[in-house]
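Okay, so here's the structure we're looking at.
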Amino acid sequence: MGTKDAVNLLRSPGFAALCHRHGVSLAVLFGSQARGRATDASDIDLAVLMEDKGYARDLLCLARERRQFMKDLITYLQTADVDLVILNHANPLLRFQVAKTGKPVYEGMPGLFAQFCSLAVRQHEDSKVFYQAMDRYLKQAAQKRGYHG
Numbered sequence: 001m002g003t004k005d006a007v008n009l010l011r012s013p014g015f016a017a018l019c020h021r022h023g024v025s026l027a028v029l030f031g032s033q034a035r036g037r038a039t040d041a042s043d044i045d046l047a048v049l050m051e052d053k054g055y056a057r058d059l060l061c062l063a064r065e066r067r068q069f070m071k072d073l074i075t076y077l078q079t080a081d082v083d084l085v086i087l088n089h090a091n092p093l094l095r096f097q098v099a100k101t102g103k104p105v106y107e108g109m110p111g112l113f114a115q116f117c118s119l120a121v122r123q124h125e126d127s128k129v130f131y132q133a134m135d136r137y138l139k140q141a142a143q144k145r146g147y148h149g
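Sequential numbering of the sequence shown, starting at 1, is according to the UniProt record's numbering.
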């Protein structure tokens, strides 16, 4: 099965059942598949928000759940060409990119994608100060070492 067929499966009731079984509250297709620029060589970029089961304190538990979900996802889609991002611990820039370009393929509750997008935009805006400070620091460090660019 090609990735185009697999992407169609993401919009099926079977995928919704898989998400529900694994505690996924939101699944978002992003990247070239979501932008309509996929080629035969494109993989599937999928971002998921897991239900809060105390994963913030137990990253090992989250890693186990991610592995099991990935295994079942590969079996369901019949392709291993999947990049899976867990949004619970993604950095603000990645969360913003998913919100900006992504297409929701599963919502455990109506409106969850809109809530995620709102939060991602606010976190991204809050992080800009840190991005700018890091950029200034890197430029200064490069100048001290004689790099000009």
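C-beta atoms are modelled at their ideal positions from N, C-alpha and C, and glycine is treated no differently. Please read all numbers here as calculations on a predicted model, not as lab measurements.
From what residue to what residue does the alpha helix (DSSP H) around Glu-65 run?
Here the alpha helix (DSSP H) through Glu-65 covers 59-77.
Does the Cβ of Glu-65 have 16 or more other Cβ atoms within 10 Å, making it buried, or fewer, making it exposed?
Classification for Glu-65: buried.
Can you tell me where the alpha helix (DSSP H) with Ala-27 in it begins and where it stops?
No alpha helix (DSSP H) contains Ala-27, which is instead part of the beta strand (DSSP E) from 24-30.
Do Arg-11 and Thr-101 have their C-beta atoms within less than 9 angstroms of each other?
No, the pair does not count as a contact, with Cβ atoms beyond the cut-off.
Compare the beta carbon distance of Asp-72 and Arg-21 with 9 angstroms and say whether it is the shorter of the two.
Against a cut-off of 9 angstroms, the Cβ pair of Arg-21 and Asp-72 comes out as a contact.
From Glu-51, Ala-38, Met-134, Thr-39, pick the residue whose C-alpha is nearest to that of Ala-27; which is it?
The residue with the shortest Cα to Cα distance from Ala-27 is Glu-51.
Would you kindly check if the distance between the Cβ of Leu-84 and the Cβ of Ala-47 is under 9 angstroms?
For Ala-47 and Leu-84, yes; Cβs fall inside 9 angstroms.
When you compare only the Cα positions, how much space is there between Val-105 and Thr-39?
Going from the Cα of Val-105 to the Cα of Thr-39 covers about 20 angstroms.
Where does Glu-107 sit, in a helix, a strand or coil, going by DSSP?
Residue state, collapsed to three classes: strand.
So, is Val-129 buried or exposed, given that buried needs 16 or more other C-beta atoms within 10 angstroms?
The residue in question, Val-129, is exposed, as its Cβ has fewer than 16 Cβ neighbours within 10 Å.
For Leu-119, name the three-state secondary structure that DSSP assigns.
Leu-119 falls in the helix class under three-state DSSP.
Can the beta-carbon of Leu-87 be found closer than 9 angstroms to that of Phe-116?
In contact: Leu-87 and Phe-116 (Cβ atoms closer than 9 angstroms).
Return the bridge partner residues of Val-85 from the DSSP annotation.
Bridge partners of Val-85: Ala-47.
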